[in-house]
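Number of protein chains: 2
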Amino acid sequence: MTRSFSQSLAEFAAASGHPAESALTVARLSALDWLAVGRAGAPEPVSEMTRTMALTEAGAEQAGIFGAAGRFPARAAALVNGTTSHALDYDDTHFAHIGHPSVAVFPAALAMAELNGRSLPETVEAALIGMEMSIRVGLWLGRSHYQTGFHQTATAGAFGATAAAGRLAGLDAAAMQHALGLAATRAAGLKVEFGTMGKPYNAGIAAATGVEAALLCAKGFVANPDALEAPFGFGATHHGAGNVETALAGLGDEWLFETVSHKFHACCHGLHAALEAARSLDIAGPEIAEIAVRTHPRWMSVCNQPSPTTGLGAKFSYRTVLAMTALGYDTAQLDSYSERTCADPRLVELREKVAVREDDGLSETQAHLSVLRRDGVRLEAEHDLLAPLSISERETRIRQKAAALIGPDTAATCWNILNNDVPAGEFAALLRP
Amino acid sequence: MTRSFSQSLAEFAAASGHPAESALTVARLSALDWLAVGRAGAPEPVSEMTRTMALTEAGAEQAGIFGAAGRFPARAAALVNGTTSHALDYDDTHFAHIGHPSVAVFPAALAMAELNGRSLPETVEAALIGMEMSIRVGLWLGRSHYQTGFHQTATAGAFGATAAAGRLAGLDAAAMQHALGLAATRAAGLKVEFGTMGKPYNAGIAAATGVEAALLCAKGFVANPDALEAPFGFGATHHGAGNVETALAGLGDEWLFETVSHKFHACCHGLHAALEAARSLDIAGPEIAEIAVRTHPRWMSVCNQPSPTTGLGAKFSYRTVLAMTALGYDTAQLDSYSERTCADPRLVELREKVAVREDDGLSETQAHLSVLRRDGVRLEAEHDLLAPLSISERETRIRQKAAALIGPDTAATCWNILNNDVPAGEFAALLRP
Numbered sequence: 001m002t003r004s005f006s007q008s009l010a011e012f013a014a015a016s017g018h019p020a021e022s023a024l025t026v027a028r029l030s031a032l033d034w035l036a037v038g039r040a041g042a043p044e045p046v047s048e049m050t051r052t053m054a055l056t057e058a059g060a061e062q063a064g065i066f067g068a069a070g071r072f073p074a075r076a077a078a079l080v081n082g083t084t085s086h087a088l089d090y091d092d093t094h095f096a097h098i099g100h101p102s103v104a105v106f107p108a109a110l111a112m113a114e115l116n117g118r119s120l121p122e123t124v125e126a127a128l129i130g131m132e133m134s135i136r137v138g139l140w141l142g143r144s145h146y147q148t149g150f151h152q153t154a155t156a157g158a159f160g161a162t163a164a165a166g167r168l169a170g171l172d173a174a175a176m177q178h179a180l181g182l183a184a185t186r187a188a189g190l191k192v193e194f195g196t197m198g199k200p201y202n203a204g205i206a207a208a209t210g211v212e213a214a215l216l217c218a219k220g221f222v223a224n225p226d227a228l229e230a231p232f233g234f235g236a237t238h239h240g241a242g243n244v245e246t247a248l249a250g251l252g253d254e255w256l257f258e259t260v261s262h263k264f265h266a267c268c269h270g271l272h273a274a275l276e277a278a279r280s281l282d283i284a285g286p287e288i289a290e291i292a293v294r295t296h297p298r299w300m301s302v303c304n305q306p307s308p309t310t311g312l313g314a315k316f317s318y319r320t321v322l323a324m325t326a327l328g329y330d331t332a333q334l335d336s337y338s339e340r341t342c343a344d345p346r347l348v349e350l351r352e353k354v355a356v357r358e359d360d361g362l363s364e365t366q367a368h369l370s371v372l373r374r375d376g377v378r379l380e381a382e383h384d385l386l387a388p389l390s391i392s393e394r395e396t397r398i399r400q401k402a403a404a405l406i407g408p409d410t411a412a413t414c415w416n417i418l419n420n421d422v423p424a425g426e427f428a429a430l431l432r433p
Numbered sequence: 001m002t003r004s005f006s007q008s009l010a011e012f013a014a015a016s017g018h019p020a021e022s023a024l025t026v027a028r029l030s031a032l033d034w035l036a037v038g039r040a041g042a043p044e045p046v047s048e049m050t051r052t053m054a055l056t057e058a059g060a061e062q063a064g065i066f067g068a069a070g071r072f073p074a075r076a077a078a079l080v081n082g083t084t085s086h087a088l089d090y091d092d093t094h095f096a097h098i099g100h101p102s103v104a105v106f107p108a109a110l111a112m113a114e115l116n117g118r119s120l121p122e123t124v125e126a127a128l129i130g131m132e133m134s135i136r137v138g139l140w141l142g143r144s145h146y147q148t149g150f151h152q153t154a155t156a157g158a159f160g161a162t163a164a165a166g167r168l169a170g171l172d173a174a175a176m177q178h179a180l181g182l183a184a185t186r187a188a189g190l191k192v193e194f195g196t197m198g199k200p201y202n203a204g205i206a207a208a209t210g211v212e213a214a215l216l217c218a219k220g221f222v223a224n225p226d227a228l229e230a231p232f233g234f235g236a237t238h239h240g241a242g243n244v245e246t247a248l249a250g251l252g253d254e255w256l257f258e259t260v261s262h263k264f265h266a267c268c269h270g271l272h273a274a275l276e277a278a279r280s281l282d283i284a285g286p287e288i289a290e291i292a293v294r295t296h297p298r299w300m301s302v303c304n305q306p307s308p309t310t311g312l313g314a315k316f317s318y319r320t321v322l323a324m325t326a327l328g329y330d331t332a333q334l335d336s337y338s339e340r341t342c343a344d345p346r347l348v349e350l351r352e353k354v355a356v357r358e359d360d361g362l363s364e365t366q367a368h369l370s371v372l373r374r375d376g377v378r379l380e381a382e383h384d385l386l387a388p389l390s391i392s393e394r395e396t397r398i399r400q401k402a403a404a405l406i407g408p409d410t411a412a413t414c415w416n417i418l419n420n421d422v423p424a425g426e427f428a429a430l431l432r433p
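Protein chains in written order, with the numbering used here: chain X, 1 to 433; chain D, 1 to 433.
Structure follows, in structure tokens:
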């Protein structure tokens with residue numbers, strides 16, 4: 001008998017084998033990145049609101065949360081941590097399905113691991129499998145789903161969170177399939193919330209859905225086990241393309257998660273390619289006579305504020321962030337973007353030398369930079385965010401980013417823990433300072 | 001400036017005026033009905049599983065639940081009570097939008113009322129406004145939404161639950177609009193779960209969504225306030241027809257909720273019209289020579305088991321339930337449907353005299369009955385479930401049903417409380433024996 005789509009996914013999620021070591025390494029790095037951006041996002045108003053709800057509800061001491069002492073029911077912890085880690089929009093992205101895998105999955109995995117006393121390696125493994133599930137389900141749903149208005153981070157993410165939480169709840173393949181079927185009637189999240197608190201919250205609801213589905217199906221909950229692909233199921237109702245072959249190709253052998261992108265600058269994504277190009281030239285402010293940036297036309301209306309005066313404005317300004325880079329500001333650090341930076345006389349002078357032009361020969365992930373030095377030498381660089389990053393460079397950059405966000409000591413401690421066989425709770429203890 | 005659709009809904013939900021007394025009376029009757037079916041549903045496995053989750057999570061003592069002592073966080077109570085009250089599929093139905101209004105809305109209203117120390121009349125009023133919201137949003141979404149595969153009880157119901165909970169959280173119209181906008185990214189529920197535990201659970205998630213949206217927006221949560229009707233919003237993504245005029249016609253003056261249908265027999269809906277017709281003839285078993293039923297062809301494959309031997313089978317058998325009625329079994333009572341009933345020699349003899357025929361001249365809500373008495377007299381009756389019920393007859397029937405489910409004393413106490421200005425907690429105290 002042939003397997004149903006959901007059965008294939010459930011068997012993958014519940015399988016006893018271990019993922020490839022290279023994929024696990026990227027997952028460990030994403031765990032460090034997730035912890036750092038989550039801690040940095042804890043003071044955001046949306047994080048505080050969901051945290052306050054959890055603190056008020058209180059309850060069984062099952063799992064830790066960002067920004068507060070104590071432990072909370074796993075479902076609540078997942079909601080808080082998903083929302084908090086996506087609050088700054090500084091977490092990882094996977095372009096194959098256009099979603100943020102870690103913010104939906106790590107909160108579900110960690111909460112369930114703490115509840116069940118699992119080890120950190122088991123947790124990272126389950127999270128990797130969950131994030132791979134998000135990407136695969138996202139590919140199955142396809143562009144039609146995303147373009148209609150669904151937020152893949154939330155929708156595909158709910159299935160990833162369910163896989164991770166279900167694995168750590170010890171579900172066998174049959175129960176896992178019911179959990180995915182239950183997630184199908186719970187998964188939700190719209191892009192129309194972008195620009196509001198609803199966006200990070202979407203990540204939180206995906207994480208909470210995963211925990212809830214795992215908890216209930218561990219008790220024998222019976223859902224429609226093929227609710228994803230059934231007629232009138234999740235795909236049919238949610239404008240899914242139903243790309244089964246694409247979604248299942250190489251499942252269990254190839255790890256699409258390995259090509260996840262991390263953000264290395266705490267500003268609008270449209271600025272990142274130019275910043276990476278600038279970084280490769282390694283030029284210092286006083287040497288510069290002029291800088292010319294070329295970028296995809298789309299970004300001109302998004303992040304080309306010429307002379308912002310606020311930290312938020314700086315995050316949407318080519319001229320400002322390029323001048324910041326040349327002057328040695330750490331663009332990975334949140335408080336580099338400030339009124340004070342915008343008013344720095346060296347920066348005000350330098351950004352007048354930056355010219356931004358659109359170029360429809362470039363993709364949205366590409367930028368071209370041309371720098372004329374005072375000594376007459378012209379330097380050029382181009383960067384594509386889709387260019388693969390070596391594992392060692394990825395490690396260096398993520399550890400630098402984490403150090404910028406949570407301090408070098410905590411970042412080092414966290415990375416050390418992630419490479420050892422410790423209880424998941426030791427990692428969870430780092431959720432707050 | 002013209003109001004947006006969401007703004008009109010939010011202003012309706014937050015308005016300080018009071019609904020029509022006739023609508024409030026029907027809402028009070030639905031409250032009694034809801035409490036009775038919820039208590040009767042508490043032993044069901046799906047109820048026990050969600051209840052166990054709430055008991056394990058524990059937490060702040062905010063609101064009561066069906067089937068267990070103690071109080072629980074309002075979000076958890078709403079999830080448990082929504083699921084439990086829909087577990088038997090014995091709750092009310094509104095045919096205009098094809099949904100079960102009470103099971104999504106009362107749990108949200110009651111939990112929020114208990115949390116905020118509100119009175120029972122305020123709670124019923126908020127629930128009525130919430131149920132009217134479910135129906136109006138359901139009409140706005142239209143048949144296309146339902147036929148694609150969405151479960152209106154869950155989707156439209158989430159907005160109704162939000163309106164009720166938001167009102168009892170004291171949200172003004174602006175905050176209410178954000179709460180509806182937040183519900184738009186959280187609302188979910190598929191018909192593909194019918195026949196599984198996922199169906200009652202869909203009602204629970206709608207109720208929990210309402211409480212969550214109200215709690216967060218009471219703290220200032222910012223969502224997209226027009227997420228229902230915005231381009232790429234809930235309607236656009238969820239195959240909504242967008243019938244704005246139908247949805248808003250008479251809003252605040254006319255109460256569509258008044259035409260809600262209650263179930264008076266604890267069996268498949270397809271049997272109800274025939275049972276009502278039989279009831280109108282008032283015939284006793286020994287007098288009967290033969291019974292001929294005509295029904296819509298659809299029901300022939302759904303509920304025409306000729307000679308079932310189990311309680312579940314009896315719930316899907318014209319011959320059995322008509323014989324039960326003639327022999328004086330109370331078809332409103334759950335334990336009337338049993339192996340013992342099926343084996344009753346009088347019943348076995350009588351059901352051989354019942355002939356069931358399809359008739360495509362009848363609608364799905366109609367049935368025709370022709371009874372030949374032993375004395376040669378032929379009696380005929382026809383019933384349509386859409387026929388309006390007078391308020392006094394509705395009261396009589398619902399009180400009888402409640403008495404059958406929770407005992408005459410508790411039913412009487414509950415109805416008395418519902419007609420007095422007591423704290424909502426007094427009603428909540430009746431959630432368990």
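The beta carbon of each residue, even a glycine, is placed where N, CA and C say it ideally should be. No experiment lies behind these values; they were computed from the predicted model shown.
| Check | Outcome |
| --- | --- |
| Nearest neighbour of Glu132/X, chosen from Tyr146/X, His145/X, Ala104/X, Pro408/X [CA to CA] | Ala104/X |
| Reduced DSSP secondary structure (H/G/I, E/B, other) of Asn202/X | helix |
| Exposure of Gly70/D, with buried meaning 16 or more beta-carbon neighbours within 10 Å | exposed |
| Nearest-angstrom Cα separation, counted from Glu358/D out to Met300/D | 7 Å |
| Length-filtered (3 minimum) beta strand (DSSP E) runs lying within the segment 335-387 of chain D | 354-358, 366-373, 378-384 |
| Within chain D, the residues that Leu182/X reaches when beta carbons sit closer than 7 Å | Gly198 |
| Three-state secondary structure assigned by DSSP to Leu171/X | coil |
| Per-residue burial, His18/D [other beta carbons within 10 Å of its own, 16 or more giving buried] | exposed |
| Chain X contacts from the segment 42-66 of chain D (Cβ-Cβ distance under 9 Å) | Pro45, Val46, Glu48, Met49, Thr50, Thr52, Met53, Thr56, Glu57, Ala58, Gly59, Ala60, Gln62 |
| Residues that Lys191/X contacts on chain D, provided the C-beta gap is smaller than 7 Å | Phe232 |
| Alpha helix (DSSP H) segments (min. 4 residues) lying fully within the segment 45-70 of chain D | 45-57 |
| Cut-off 6 Å between Cβ atoms - residues of its own chain near Val26/X, not counting five sequence neighbours on either side | Glu258 |
| Chain C within 8 Å of Phe150/X, Cβ atoms only | Of the chains in the structure shown, none is chain C; the protein chains are X and D. |
| Where Pro423/X falls: helix, strand or coil (DSSP) | strand |
| Cross-chain neighbours of Pro435/D in chain X, by beta carbon under 7 Å | Shown here, chain D extends from 1 to 433; a query on residue 435/D therefore has no answer. |
| Per-residue DSSP class, three states only, for Val260/X | coil |
| Asn202/D: contacting residues in chain X (beta-carbon distance under 8 Å) | Thr185 |
| Among Asp360/D, His239/D, Ala223/D, Val377/D, nearest to Leu190/D - alpha-carbon criterion | His239/D |
| Residue range of the beta strand (DSSP E) that includes Ile291/D | 288-295 |
| Which residues DSSP lists as bridging Thr93/D, in chain order | Ser261/D |
| Any C-beta of chain X under 8 Å from that of Ile98/D | no |
| Uninterrupted beta strand (DSSP E) stretches inside the segment 106-193 of chain X (no shorter than 3 residues) | none |
| Cutoff 8 Å: Ala241/X Cβ touching any chain D Cβ | no |
| Residues near Arg118/D by beta carbon distance below 6 Å, same chain, minus five either side | Leu168, Ala424 |
| Limits of the alpha helix (DSSP H) - the one that Asp33/D falls within | 21-41 |
| Classification of Leu385/D by the beta-carbon crowding that lies within 10 angstroms, buried from 16 upward | buried |
| Contacts of Ala227/D in chain X (Cβ-Cβ under 7 Å) | Leu190, Val192, Glu193 |
| Which residues DSSP lists as bridging Gly99/D, in chain order | His94/D |
| Bridge partners - Asn304/X, DSSP secondary structure assignment | Ser317/X |
| Buried or exposed by the 16-neighbour rule on C-beta atoms within 10 Å, applied to Asn81/X | buried |
| Partner residues on chain X for Val222/D, Cβ-Cβ distance less than 7 Å | Thr196, Met197 |
| Touch test, the segment 228-238 of chain X against the segment 134-149 of chain X, Cβ-Cβ under 8 Å, three pairs minimum | yes |
| Identity of the residues DSSP links to Phe72/D by a beta bridge | Ala63/D |
| Check whether Ala111/D and Ala68/D have beta carbons under 8 Å apart | no |
| Residue closest to Phe427/X, alpha-carbon to alpha-carbon, out of Pro121/X, Leu256/X, Met53/X, Ala367/X | Pro121/X |
| Separation of Thr50/D from Gly38/D, as counted between CA atoms | 13 Å |
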